[in-house]
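Chains A and B supply the protein sequences, listed in that same order. Take the first sequence: its position 32, counting from 1, is numbered 32 in the numbering used here, and each next residue is one higher. Take the second sequence: its position 151, counting from 1, is numbered 248 in the numbering used here, and each next residue is one higher. Beta carbons: idealized from backbone N, C-alpha and C, even for Gly.
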Amino acid sequence: MTQGHTSRKTYWMVFAALAVLTVLEIIVATPSMGVPKKPMVLALITMAVSKASLVGLFFMHLKTEQRALKLTVALPFFFPALYAVILIAEAGWRLIR
Amino acid sequence: MSAIATATLEPSSHPVAHPLPRDEYFGDATPGKIGMWIFLLSDAFSFGGLLLAYGILRGGSEVWHHPGEPTLGIPFTAFLTFLLICSSVTMVLAVAAANEGNRKQTILFLALTALGGIGFLTGQFHEYFGLTPGHGLVHEGLIFGRSAYASTFYVTTSFHGAHVLTGTIYILVTLARTAAGKTNANDIEILGLFWHFVDLIWILVFTFIYLL
C-alpha cells in the first residue's frame, strides 16, 4: 500500500504533462524545425528525465513514500549517470582530438 | 500494513491478514514491494548498461548512420510511446480501484492495460518485420550485426520488448487471479510498479535511440 494518497486528478494532470512533453520532444527533434544540435540534445534529455521523474514520483508513488525508500531508489543512479557522461564524452573526445 | 493493503478484493471469501508492525524506515511498505523495487533497480542498471554501450559506440563512431540503412520511424514510435503512457494511466487507475476494494474496476483497468501492452508489442513487431509484406526495418535494410547502429537498436528495443511481453503476461495472470478473488491491493500495486517501470524505461529509450 502506498504511504500517502494520490488523487485521480493528479494522475490525469501527470498524463497531460507526459502527453504535452512528448509532443514538444517530437517538435524539437524534427530537423525542419531547425533547432541547433547542442540545445536540442540538452532539451531532449531534460524532457526525457522530467517525464521519467513524473512517472516515478506520481505513478510509482515515490513522492509519497518514506524517505528511506526514496533514497534507496534514487541514490544509486547518481554515480553511474556521472560516469556515463564521462565515458561517452571521452569516446567523443578521442574522435576529435 | 494497513487493513486495506491486506484485504483481498473479495473480502467475503478471504480473511484479512494480520497486519505487520510498521517499520521504522520503510513504513508500511511490504517485503514484496521492497523486493520489486530492488529488482527494478537492478533491471534499471541492465538498461543503463545497454544505453551506456550505445552512447560510447555512437559517441566514438565517425559514421553512425551508414548509407542504405533506414531511418527510424518517429511518428509511429511516438504513437507507441503515447500508447504506453496511456497504459500507465489505466494501470494507476487499477491500483487506485484495488486500494478502494473495487474488484470490477480493477479487472477493467487491468484488461485495458494488457490491451495497451499487446498493442505495443504488435506495433514493435510491425516496426521490425512489418505486418504486411514489404514493410519493416529488417526488410528496409536495418540488419542486426551489420552496423553498431542496427545492433544497438535491436538489442536495446528488444530487451525492452521482452519486458513489455513479461509485463503483459504478468498483468493477464494477475487479472485472472483477481477475477478468482486471489489478489489483494498490494499485489496490484507491485504489478503496477513493474508496468510503470517498463513505461519509464521506454521514455528514455525513445529519446536516446529514436530522437537524438
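- A direct Cα-Cα distance of roughly 37 Å separates residue 66 of chain A from residue 221 of chain B.
- Nearest in C-alpha terms to residue 297 of chain B, of all of A:33, A:52 and A:21, is A:52.
- Beta-bridge partners assigned by DSSP to residue 124 of chain B: B:120.
- For residue 249 of chain B, the CB contacts under 8 Å within the same chain, skipping 5 residues up- and downstream, are 147, 150, 151, 154, 155 and 306 in chain order.
- When Cβ-Cβ separations below 8 Å define contact, residue 88 of chain A makes contact with chain B.
- Interface annotation, residue 185 of chain B: in contact with chain A, CB-CB separation under 8 Å.
- A Cβ of chain A is located within less than 8 Å of the beta carbon of residue 296 of chain B.
- When the Cα atoms are used, residue 289 of chain B and residue 86 of chain A turn out to be separated by approximately 34 Å.
- Contact check for residue 268 of chain B and residue 214 of chain B: beta-carbon distance about 7 Å, within the 8 Å limit, so the pair qualifies.
- Residue 277 of chain B has its alpha-carbon roughly 47 Å from the corresponding atom of residue 82 of chain A.
- Only those residues of the stretch 214-231 of chain B whose C-beta falls short of 7 Å from the nearest C-beta of chain A would be listed, and there are none.
- Within the stretch 183-246 of chain B, no beta strand (DSSP E) run of at least 3 residues lies entirely inside it.
- Less than 8 Å divides the Cβ of residue 68 of chain A from the Cβ of residue 123 of chain B.
- Under the DSSP assignment, residue 8 of chain A falls in the alpha helix (DSSP H) whose first and last residues are 8-29.
- Residue 171 of chain B belongs to the set of residues whose beta carbon lies under 8 Å from a beta carbon in chain A.
- If the five residues before and after residue 55 of chain A are omitted, its C-beta is found closer than 7 Å to no C-beta atom of its own chain.
- Chain B has no Cβ within less than 8 Å of the Cβ of residue 20 of chain A.
- Not a single CB atom of chain B sits nearer than 8 Å to the CB of residue 34 of chain A.
- Nearest neighbour of residue 232 of chain B by Cα position, chosen from B:295, B:145 and B:167, turns out to be B:167.
- When Cβ-Cβ separations below 8 Å define contact, residue 60 of chain A makes contact with chain B.
- In the DSSP annotation of this structure, the continuous segment of the alpha helix (DSSP H) that includes residue 87 of chain A starts and ends at 78-96.
- Interface annotation, residue 306 of chain B: not in contact with chain A, CB-CB separation never under 8 Å.
- Using a Cβ-Cβ cut-off of 8 Å, residue 29 of chain A counts as an interface residue toward chain B, since at least one Cβ of chain B sits closer than that to its own.
- Taking 8 Å as the cut-off, the beta carbon of residue 169 of chain B is found no closer than this to the beta carbon of residue 29 of chain A.
- Under the 8 Å criterion on CB atoms, residue 182 of chain B is classed as interfacial with respect to chain A.
- In the three-state reduction of the DSSP assignment, residue 73 of chain A falls in the helix class, which pools H, G and I.
- Remark: C-beta atoms of residue 304 of chain B and residue 44 of chain A approach each other more closely than 8 Å.
- In the displayed model, residue 34 of chain A falls within coil according to three-state DSSP, outside both helix and strand.
- Residue state for residue 133 of chain B is assigned as helix, using DSSP reduced to three classes.
- When the Cα atoms are used, residue 118 of chain B and residue 287 of chain B turn out to be separated by approximately 20 Å.
- By the Cβ neighbour-count rule, residue 272 of chain B is buried, with 16 or more other Cβ atoms within 10 Å of its own.
- With contacts defined by Cβ atoms closer than 8 Å, residue 91 of chain A and residue 157 of chain B form a contacting pair.
- Residue 142 of chain B has a beta carbon lying within less than 8 Å of a beta carbon in chain A.
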